[in-house]
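Below you'll find the structure, written out as structure tokens, and then a few comments.
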Amino acid sequence: MKYYITTPIFYPNSSPHIGTAYTTVAADALARYHRLLGDEVYFLTGTDENAQKIVRTAEANHIDPRTYVDGVVERFIELWKALDISNDDFIRTTEVRHQKVVQEIFTKLYEQGDIYKSEYSGWYCTPCETFWLENKLIEGKCPNADCGRDVELLKEESYFFRLSKYQDALLKHIGEHPEFIQPVSRRNEMLRFIEGGLEDLCVSRTTFQWGIKVPFDPLHVVYVWLDALINYISALGYPDGENYKRYWPADVHIMGKDIVRFHAVIWPIILMALDIPLPKVIYGHGWYLTKDGGKISKSRGNVQDSFELIERYGSDAIRYFLLRELQVGTDGTYSEDNVVERLNSDLANDFGNFVSRSLAMVVKYRDGIVPRPGQDGSQERELKALSHEVKKAVEKRLEVFDPASALEEIWRFVARCNKYVDETSPWVLAKQEEQRERLDTVLYTFVECIRVMTVLTAPFMPGLPPRICALLGVDEGIIRWEEADQWGILEHGIKVQKGEQLFPRIDISQYTTAEETKTVDQDQNQGQKETIEPVPALEFEPIKEEISIEDFSKLDLRVAKILSAEKVEKTDKLMKLEVEVAGVVRTVVSGIAKHYAPEDLVNQYVVLVANLKPTKLRGITSQGMILAASQGDVLEVLTVNKDLPGGARVK
Ligand code: ME8
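Residue numbers for the sequence shown follow our numbering, beginning at -17 and rising by one.
Here is the structure:
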């Protein structure tokens, strides 16, 4: 069986974050699961680069869009690598292979009359890259529930795509294929939306030139969504490529609920107009929200560095958290505390502990040699029956794209394994010679339980099979889905090792104190805390009261580029600065005028406290504060000399 699965192609207008990572990890788990089933899988992800917002962000950073996207795309590729994403291809919409297909399709649709030229007069939301009719706006702003930002009035000559012509055919398709849009809540939303009437869609822009040119009218660039959706077939080499013939139609397009509308309306209509089969499923998952309920998103700036998280907790733990926490059809809450909680309870206590306890007993009672088992008792029979039940349940859950429930099922088995250790009490059996065979059965069952757990979790935590196989002294060929619930797969006589904890428990407070007060046990001061020489108290301001890492993390420090500087009239201390940070220009009033001439500051990259409440100084609203070091009469503004753009985080 072939299985073609895709993620959205993400806008590289800033680095990927934990929300973007969710979709990609979910698609990866499904791709890995299907590979384990023996399916021929093609897994596609990539980046959507021809958007107006890319032009805007690049302009704000004073670099050309191409250089800008090249840098950010590199971050996406690195993150997917760090998260063990097993995509078969990565498509960039700035690649010629994609542009060629978009141009061919645009021309074909124009020639057959599905695209026509007219004039667009209406509104555009650049953050959402969406056209809006006046009557859809809410108080003059973008009506998208998660956006609500300013829209711009557009009046330009444009090409239009006849969505309206295909409305009935689309409704018919959705009616006949209840599985087409999932979960059902999204299907209902889409039905209501389409039944409300489809307007023809504006599919070209003339007010900027970044993008794919309309081949027969190069003043126009193709509207980013028409261009982006085509990636799912251009990457396969549509119309003649072998991969296209082999893998299309897609088995599932996975995405967040925000963009289901584009995939459930524009995309099927493009395909219908081209007379190409439609994808089998469009699946829209919920969002990861922060603790205070806001969506994690680039534009809200509430994004935590994913690389840091992976380094701290490991890719498997982050993958596990992301997949376990977002329940089907709802939104999930992301916070680092929640990650630690899941890691400690599910991974360290339940999974890791079972593996280390049981292997330690094989080492202790049988020198690490897995013994030949005797007859099963009722506990082994119960375990085996549960493994069949759980494997079936996982398959069912994954058929409906629900990794959270699949993991919940697997943890029923993990919990049963832990209970088995307590019930069988090998430490008691080990004291009774007549129980030798019973202990052999229990120890053998332990390692088989580890194998079952490893196969079942392999799609979700791909880092585990190599680690566990190394502990068991076997090759990764034992990771076979169809054998997950068969028993007696591992040969007796193999030699196992206890190894290190798979998931060491994390103590978040210890983690932060360890960072703050480094103990230097490795060198000659073994075990002693680093001591700081006391400093003459009078000369320096006393060090302030301790704060927690949480308090510190409330500060949003950013690199900011000084665009202009002028002294504030009638003061000798204040300087008015215009700084550029994350594509936005802000005014900051700073008490540095005695120490700098304005021309010394322009073009310097400084550190800005970006989330300080604005305040008025001499009638000027100051939006933040720049950092400077000072002692006595000396003051120096902190500057950043490496090539970092305005907007880069300082931590
Ligand atoms: O929309 N929780 O790109 P995009 C869960 N280029 N998922 C989240 C999330 C969150 N907080 N934030 C983002 C685009 N996502 C277009 C797609 S496809 C032909 C073109 C995920 O960079 C989720 O999958 O804005 C969402 O749909 C996607 O990122 C939006 O990514």
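From the three backbone atoms N, C-alpha and C, an ideal C-beta is built for every residue, glycine too.
Scanning its chain for C-beta atoms nearer than 8 Å, with the 5 sequence neighbours on each side dropped, one finds around H(-1) the residues I278, S279, K280, V285, Q286, S288, in chain order. Residue state for L421 is assigned as helix, using DSSP reduced to three classes. Distance from the Cα of L484 is smallest, within the candidate group M443, G459, R462, V345, for M443. If you compare the alpha carbons of A547, S186, A232, E181 with that of V567, the shortest gap goes to A547. With fewer than 16 other CB atoms across the displayed protein chains lying within 10 angstroms of its CB, N117 is exposed. The shortest C-alpha to C-alpha distance from L368 to any of P355, K346, Y347, C399 is the one to C399. Taking a cut-off of 8 Å for Cβ pairs, the region 258 to 265 and the region 162 to 169 touch, as three or more such pairs fall below it.
With a cutoff of 6 Å, G1 counts as near ligand 1, since its C-beta is closer than that to a heavy atom of the ligand. Scanning its chain for C-beta atoms nearer than 7 Å, with the 5 sequence neighbours on each side dropped, one finds around I241 the residues P(-10), in chain order.
When the five nearest sequence neighbours on each side are left out, the beta carbons in the same chain lying within less than 7 Å of the beta carbon of S186 are those of S140, Y141, V196, H202, V203, V204, Y205, in order along the chain. Inter-residue distance for R79 and I87 is about 13 Å (C-alpha atoms, whole angstroms). Taking the Cβ of G53 as the reference point, every heavy atom of ligand 1 lies at 6 Å or farther away.
Q613 has V616 as its beta-bridge partners, per DSSP. Exclusion of K99 from the 6 Å shell around ligand 1 follows from its C-beta lying no nearer than that to any non-hydrogen atom of the ligand. Residue side-chain check: W62 keeps its Cβ at 6 Å or more from all non-hydrogen atoms of ligand 1.
For the pair E41 and W105, the Cα-to-Cα distance works out to about 22 Å. The beta carbon of C184 lies closer than 7 Å to those of Y102, F113, S140, F142, Y205 in the same chain, with the five residues before and after it left out.
Of A388, K549, V344, E528, the smallest CA-CA separation from E581 is found for K549.
Using a Cβ-Cβ distance cut-off of 8 Å, the region 115 to 130 and the region 213 to 232 are not in contact, since fewer than three pairs of beta carbons, one from each stretch, lie closer than that value. Setting aside the 5 residues that flank it on each side, W249 is surrounded in the same chain by L211, each with a C-beta closer than 6 Å to its C-beta; the list follows chain order. Contact between K633 and L539 holds: CB atoms are separated by about 7 Å, below the 8 Å threshold.
Counting only the Cα atoms, L65 lies some 12 Å from Y295. When V352, S572, R354 are compared, the shortest CA-CA separation from A611 is found for S572. CA-to-CA, the gap between I476 and R433 works out to about 13 Å. The C-alpha of S338 lies about 54 Å from the C-alpha of C124.
The DSSP assignment places complete alpha helix (DSSP H) segments of no fewer than 4 residues inside the region 522 to 586 at 531 to 535, 580 to 583, in order along the chain.
Secondary structure at R131: coil, using DSSP grouped into helix, strand and coil. Among the bridge pairs identified by DSSP, F428 is matched with none.
The C-alpha of A3 is placed about 36 Å away from the C-alpha of A342. For the pair K35 and I73, the Cα-to-Cα distance works out to about 19 Å. Annotation for F113 indicates a beta carbon at 6 Å or more from all heavy atoms of ligand 1. The region 453 to 465 and the region 300 to 313 do not touch, with fewer than 3 CB-CB distances between them shorter than 8 Å. Annotation: the region 64 to 94 contains the following complete segments of the beta strand (DSSP E) (minimum length 3 residues), in chain order: 71 to 74. N623 and Y270 have their C-alpha atoms roughly 35 Å apart. Remark: C-beta atoms of V563 and I544 do not approach each other more closely than 7 Å. At a threshold of 6 Å, D71 does not count as near ligand 1, since its beta carbon sits no closer than that to any of the ligand's heavy atoms.
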